[in-house]
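Notes for the one structure printed next.
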Amino acid sequence: MKLSDFTYNIPKSLVAKYPYEKRDEARLMLLNREAKTVDHHKFRDIVDIMNKGDILVLNESRVFQARLIGNKEKTQAKIEVFLLRELNAKEAIWDVIVDPARKVRIGNKIYFSDTLWCEVIDNTTSRGRTVKFNQVGNIYRAVDDIGLTPLPPYIKRNAEPQDKEYYQTVYARVDGSVAAPTAGLHFTPEMLEALKKKGVIIVPIVLHIGLGTFRLVEVEDLTKHRMDSEFFEITSTAAETINKAIAAGGKVTAVGTSTVRALESSVTSEGFVRAQKGWTDKFIYPTYNFRVVKQLITNFHMPHSTLLMLVGAFGDTELVMKAYKTAVKEEYKFLSYGDAMMII
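The opening position of the sequence shown corresponds to residue 3 in the working numbering, with each subsequent residue numbered one higher.
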């Protein structure tokens with residue numbers, strides 16, 4: 003497959019700037035790979051589509067308030083610090099991106115509040131820095147009240163207070179993502195309860211989504227693209243539950259491309275899942291052979307994105323791109339706050 007196979011145009015009017023007032027009111031395009039059909043539903047209809055014994059795997063990573071606005075000591079210059087990943091929890095050392103980078107040098111201190119500041123201790127890239135916070139402990143919680151929601155760059159507006167709740171799944175539990183696992187944004191507690199009552203087995207895993215999720219592929223030959231590494235964890239309890247359900251004939255439905263990458267990064271030769279904790283840079287694109295995931299719930303993604311390529315690999319690129327054209331024609335909403343697709 004080539005980069006050009008994943009080209010299409012999104013009308014600006016179809017890029018959702020705000021979420022639905024009711025999460026499960028989002029539209030759902032149902033794509034059937036075998037029948038090659040496209041049907042239109044509401045997201046809540048997933049309760050009817052899934053069957054007893056099926057496994058619904060969720061990414062319970064929590065988006066933290068990664069954008070900090072501070073002032074440099076002495077000059078009081080305004081500096082944005084975007085938290086990327088925690089390097090050392092005990093010493094409160096983080097990798098960050100700073101803006102404007104030209105004003106930030108090793109030894110500078112940046113103050114965010116009366117109680118929280120950081121010192122630049124190293125340069126990593128042109129805009130990248132390593133910083134050490136003055137507070138030792140849970141920096142995720144320390145920035146919860148003073149940080150801003152890291153909305154995707156294609157949502158052309160500033161973060162608003164309600165985004166802290168909206169840009170978060172209702173089941174988010176483990177701090178670590180700078181981008182939401184957006185397919186899960188549509189679930190409500192009521193939907194999850196209805197699925198459980200129906201006999202669907204819900205299993206949580208974790209993959210912390212980084213900024214690399216927004217980095218578009220730039221090489222025509224997909225084999226030359228390299229993914230950023232992201233941390234994931236599948237507990238022994240999660241693996242045992244998934245494998246028991248697979249053995250009983252249940253289908254694994256992954257909520258989001260991040261969940262797919264975690265599951266397919268820990269697959270055994272027999273098609274089961276192993277408990278694993280670590281980093282994955284797995285790039286899934288056609289003609290990848292999926293070993294665990296049988297159904298996929300996802301949103302509509304950017305052209306030339308690794309997310310779209312994973313969806314193309316799962317649903318058949320020609321069929322998926324045809325469905326995307328239908329989505330444009332039917333005025334589905336695209337990207338993080340937009341509508342959903344389920345591929346069966």
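Here a beta-carbon is modelled for each residue, glycine too, at the ideal position from N, C-alpha and C.
Query	Result
CB contact flag (L209, F234, <8 angstroms)	yes
Coil, strand or helix - S260 by DSSP	helix
Neighbourhood of L1 by C-beta, 7 angstroms cutoff - its chain only, sequence neighbours within 5 removed	Beyond the ends of the chain as shown, which are 3 and 346, falls residue 1; an answer cannot be given.
I236 - DSSP class collapsed to helix/strand/coil	strand
Secondary structure of E121, DSSP reduced to three states	strand
Close beta carbons around T328, own chain, < 6 angstroms, minus the five adjacent residues each side	V40
Collapsed DSSP secondary structure at A350 in the structure displayed	Limits of the chain in this structure are 3 at one end and 346 at the other, which puts residue 350 out of reach.
Beta-carbon proximity check, A256 vs I203, cutoff 8 angstroms	no
Test item: CB-CB of E121 and K105 under 8 angstroms	no
Given I123 as reference, the closest of E192, T132, M31, V219 once Cα atoms are compared	T132
Collapsed DSSP secondary structure at A91 in the structure displayed	coil
Proximity of T259 and L224 at Cβ, strictly below 8 angstroms	no
Simplified DSSP state of N245, which is helix, strand or coil	helix
G252 beta carbon less than 8 angstroms from that of I57	yes
Exposed unless 16 or more other CB atoms sit within 10 angstroms - verdict on R228	exposed
The region 66-81 contacting the region 145-152, beta-carbon criterion three pairs below 8 angstroms	yes
Separation of A185 from A342, as counted between CA atoms	7 angstroms
Any 3 or more C-beta pairs closer than 8 angstroms across the region 50-64 and the region 87-102	no
Burial state of T335 (16 or more Cβ within 10 Å)	In the sequence as presented, Thr is not what sits at residue 335; that position holds Lys. Buried is the call here.
Which of helix, strand or coil DSSP assigns to Y290	coil
Spatially closest choice to E332 from A18, D7, M31, by CA coordinates	M31
Of the residues P206, K38, V59, the one placed nearest Q297, counting alpha carbons only	V59
Extent of the continuous beta strand (DSSP E) to which I57 belongs	57-61
As assigned by DSSP and simplified to three states, the class of A342	strand
Local Cβ density within 10 Å of Y287, reported as buried at 16 or more and exposed below that	buried
Distance, V221 Cα to L5 Cα	7 angstroms
Same chain, Cβ closer than 8 angstroms to I207, five either side skipped, listed in chain order	V59, L60, N61, E62, F234, E235, I236, T237, A240, T261, A264, L265
Identity of the residue in T270, Q278, K226, R293 nearest V254 by Cα	R293
Extent of the continuous alpha helix (DSSP H) run through Y113	Taken as a continuous stretch (DSSP letters only), Y113 belongs to no alpha helix (DSSP H), being part of the beta strand (DSSP E) at 111-113.
Residue from I157, G280, A277 whose Cα sits closest to the Cα of K1	Any question about residue 1 goes unanswered here, given that the chain covers just 3 to 346.
Residue from L337, R64, I346, E320 with nearest C-alpha to K19	L337
Residue closest to V138, alpha-carbon to alpha-carbon, out of V176, I95, T9	I95
Cβ pair H303, V219 closer than 8 angstroms	no
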